[in-house]
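K.L.:
Would you mind keeping the following structure in view while I ask a few things?
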Amino acid sequence: MECHRTIGQVVLPVFFDVDPSEVRRQTGEFGKSFQNALNRLLKVDEFMVPKWRDSLRDAAGLAGFVVLNSRNESEVIKDIVENVTHLLDKTDLFIADNPVGLESRVQDMIQLLDTQQSNNVLLLGMWGMGGIGKTTIAKAIYNKIGRDFERRSFLANIRE
773 MECHRTIGQV VLPVFFDVDP SEVRRQTGEF GKSFQNALNR LLKVDEFMVP
823 KWRDSLRDAA GLAGFVVLNS RNESEVIKDI VENVTHLLDK TDLFIADNPV
873 GLESRVQDMI QLLDTQQSNN VLLLGMWGMG GIGKTTIAKA IYNKIGRDFE
923 RRSFLANIRE
């Protein structure tokens, strides 16, 4: 939780068979189990326990997954993996701000690819004189439709 507070790392808590409010307040079965765990630890730094409690309180206040005997575990795992994958997959390739005429060319290329009508492998090759914007257009296309595919790769700086 310290990295969440200091550098903004994403925390996605999973509350499996425990209500987040019990974790937040350290009450109920969770509170009892937490206290038992503290009692079993032989060398607990007395300054760490309040930090642990604060971290649990903070984590319980975040949006996450609550699994209370109502769902199949494999479904839950699949949902969590999809959510984490989506969170990790937000990095776009860099494109300069406001390149002139880019959007119309990108739309034309996307229409040529027609991704919605095919389950086949798609390959886009572009060639031409240097400096005319081929890489910029390719990056923009990749950023726009790349997430529609199970797997994808952007091969840059390919020479003869």
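Numbering (this note's numbering), first residue to last: 773 to 932. Backbone N, C-alpha and C define an ideal beta-carbon position, used for all residues, glycine too.
Less than 8 Å between the C-beta atoms of K911 and I867, yes or no?
P.N.:
Yes, Cβ-Cβ distance for K911 and I867 is below 8 Å.
K.L.:
Whole angstroms are fine: how far does the CA of V816 sit from the CA of L810?
P.N.:
For L810 and V816, the distance between alpha carbons rounds to 7 Å.
K.L.:
Report the three-state DSSP secondary structure of V786 (helix, strand or coil).
P.N.:
Looking at V786 - three-state DSSP - the assignment turns out to be strand.
K.L.:
Below 8 Å between beta carbons: does that hold for I909 and L859?
P.N.:
Cβ distance not < 8 Å, so I909 and L859 don't count as in contact.
K.L.:
Leaving aside the five residues before and after V821 along the sequence, list all residues of the same chain whose C-beta is less than 7 Å from its C-beta, in chain order.
P.N.:
The residues are L810.
K.L.:
Leaving out the 5 sequence neighbours to the left and right, which residues in its chain are closer than 7 Å to F806 when beta-carbon positions are compared?
P.N.:
Cβ neighbours of F806 beyond the five flanking positions: Q798.
K.L.:
Quick one: complete alpha helix (DSSP H) runs, 4+ long, within the stretch 819–903?
P.N.:
Counting whole runs of 4 or more residues, the stretch 819–903 contains the alpha helix (DSSP H) stretches 820–832, 845–860, 874–885.
K.L.:
So, F787 versus V838, is the Cβ gap smaller than 8 Å?
P.N.:
Yes, Cβ-Cβ distance for F787 and V838 is below 8 Å.
K.L.:
The alpha helix (DSSP H) that contains I909, what's its start and end?
P.N.:
From DSSP, the alpha helix (DSSP H) with I909 extends over 906–917.
K.L.:
Can you tell me the Cβ-Cβ gap for L834 and V795, rounded? I've got them flagged as a contact below 8 Å.
P.N.:
Their Cβ separation, rounded to whole angstroms, is 11 Å, which puts L834 and V795 out of contact at 8 Å.
K.L.:
I want to see whether chain C comes within less than 8 Å of G918, judged by CB atoms only; does it?
P.N.:
Structure shown: chain C not included; a single protein chain is present.
K.L.:
Could you give the first and the last residue of the continuous alpha helix (DSSP H) run that contains F806?
P.N.:
Taken as a continuous stretch (DSSP letters only), the alpha helix (DSSP H) holding F806 covers 800–812.
K.L.:
Could you tell me if I779 is buried or exposed, where buried requires 16 or more neighbouring beta carbons within 10 angstroms of its beta carbon?
P.N.:
With fewer than 16 Cβ atoms within 10 Å of its Cβ, I779 is classed as exposed.
K.L.:
Assuming D830 and M773 form a contact by the criterion Cβ under 8 Å, report the distance between their Cβ atoms to the nearest whole angstrom.
P.N.:
Their Cβ separation, rounded to whole angstroms, is 5 Å, which keeps D830 and M773 in contact under 8 Å.
K.L.:
Rounded to the nearest angstrom, what separates I922 and E818 at their Cα positions?
P.N.:
First, the amino acid is wrong: residue 922 is Glu here, not Ile. Roughly 48 Å between the two C-alpha positions.
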